[in-house]
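Data block below; observations after.
Residue numbers (our numbering), protein chains in the order written: chain A, 13 to 230; chain B, 311 to 585.
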């Protein structure tokens, strides 16, 4: 697999959120507005890229029995740095993201790539894999965040896009979009759309109705 | 468990109904819904007709689109979704809000699962929940004495045909009374009954969203009724349709679990008895 493929493959064809269903918790929590989704995307991509290259570099020296502890220590150190930087330079966003930057440590996506890829591959492919997966995660977060902020508040990055009824416009914000369930619905619809277009991503059907049962169900 | 119950919509033990299909269920429900719809029309005026027309048309268009995409025969189950939404929808809801809510209910709660009988939440219930969550300013309708009285004949017919379980109806009332009396609330009996009759018959006890085992049905009703009292709080004399919709939604989500618990408990008891 070429380096560019490592980067682009996780965007849609092997997306960590819509295909592997990883990182759902933070994808639900931080997508109420586009700015938090963007910040979280950058934070996660940086952590994922940096942790991949560090873990991959020292992979031959990590004892197998304590590899998870070592991986988490490295990831946690990176997350603390990111968290401190956010608190120093983007305090408001940091407050909105609350614990979710800290929780990147436990994000299945980060540990998953470290364990599944960086532990077995040289630094450069690992870096590409980490960044690629970070970008795949970011893509979904940005799509969901855009939809939720636009439909829930009529704004994008805090700038009014759709004039709301309150300000004399025509757009009535959908309150549901500011609540967590809407992220589930949007993610579900996204997964549905992606798997309709790329049918090889669909899972095997667990059971089918007999043709007769289908007729009776009408 | 649920699939067995749904492939044959009549739970075992109910007389008649052999050879019924899901279409019969829909037709009987539509017949039962016509009177409450007319009562809502009479009390709230032609706005209900607009809401009903919009809701039914939206539900049927989605149903036809999905039938086409899946190469199945076109069905008309959306009629019940539309009528329930028309009776319960807030009077101030605009047609586009109704259309959006019904699209959500019909697609996400029903058609995405494969159509009527395959989802686990009534599509009308999902649509109403969407409407009330998304547009919190709307005050829900449906709590009129006329609608409640008009829902009684249809409700009786549904109970007699086995589509609605009397256990759920009774347990819902008991659950509400129990929680209300424990927490020292004093709901107005007449107003509460008027607010409850329609949604309990058509949302809480919906045959495709409710529990299907007898112990499960009692637990389902108790849960729904208790939640109505809980959401209502001590400040109100009667529950809002909003309170009932959310209570019905939560009870409906828990119904498969309640059935599962009932079946496992019965199996364990039986095993112990017969070894």
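Each residue gets a CB set at the ideal place from its N, CA and C atoms; glycine is no exception. This one's a predicted model, so the numbers in the text were calculated from it and none came from an experiment.
Of the residues 139/A, 160/A and 96/A, the one placed nearest residue 14/A, counting alpha carbons only = 139/A
What does residue 184/A touch in chain B if you count any residue whose Cβ is under 8 Å from its own?
-> 407 and 445
Within chain A, the residues that residue 440/B reaches when beta carbons sit closer than 7 Å = 188
Sub-8 Å separation of residue 395/B and residue 408/B beta-carbons | yes
Using a Cβ cut-off of 7 Å, which residues of the segment 507-530 of chain B contact any Cβ in chain A, in chain order?
-> none
Interface flag, residue 418/B vs chain A, CB-CB below 8 Å = yes
Can you give the Cα-Cα distance for residue 23/A and residue 422/B, rounded to whole angstroms?
-> 25 Å
Do residue 189/A and residue 109/A have their C-beta atoms within less than 8 Å of each other?
-> no
Do the segment 428-444 of chain B and the segment 335-345 of chain B make contact, defined as three or more Cβ pairs closer than 8 Å?
-> no
Which term fits residue 177/A, buried or exposed, when burial requires 16 or more other beta carbons within 10 angstroms of its beta carbon?
-> exposed
DSSP on residue 348/B, reduced to helix/strand/coil?
-> helix
Roughly how many whole angstroms lie between the Cα atoms of residue 497/B and residue 158/A?
-> 44 Å
Minimum Cβ-Cβ distance from residue 174/A to chain B less than 8 Å | no
Does the separation of the CB atoms of residue 514/B and residue 534/B fall below 8 Å?
-> yes
Residue 38/A: buried (16+ other C-beta within 10 angstroms of its C-beta) or exposed?
-> buried
Cα separation between residue 213/A and residue 25/A?
-> 8 Å
From 531/B, 412/B, 384/B and 372/B, pick the residue whose C-alpha is nearest to that of residue 509/B; which is it?
-> 531/B
Could you work out which residues of chain B lie near residue 191/A, taking near to mean beta carbons separated by less than 8 Å?
-> 443
Under a three-way DSSP split, which group does residue 167/A fall into?
-> strand
Amino acids of chain C, ordered along the chain, whose beta-carbon sits closer than 9 Å to that of residue 197/A | Of the chains in the structure shown, none is chain C; the protein chains are A and B.
Quick one: give me the first and last residue of the alpha helix (DSSP H) that residue 522/B is part of.
-> Element bounds for residue 522/B: n/a, residue is neither H nor E.
Do three or more CB pairs link the segment 48-67 of chain A to the segment 194-212 of chain A at distances below 8 Å?
-> no
Nearest CA to the CA of residue 506/B: which residue from 436/B, 542/B and 415/B?
-> 542/B
Coil, strand or helix - residue 547/B by DSSP | coil
Evaluate residue 492/B with the Cβ neighbour count: other Cβ atoms within 10 Å of its Cβ, from every protein chain shown; 16 or more gives buried, anything less gives exposed.
-> exposed
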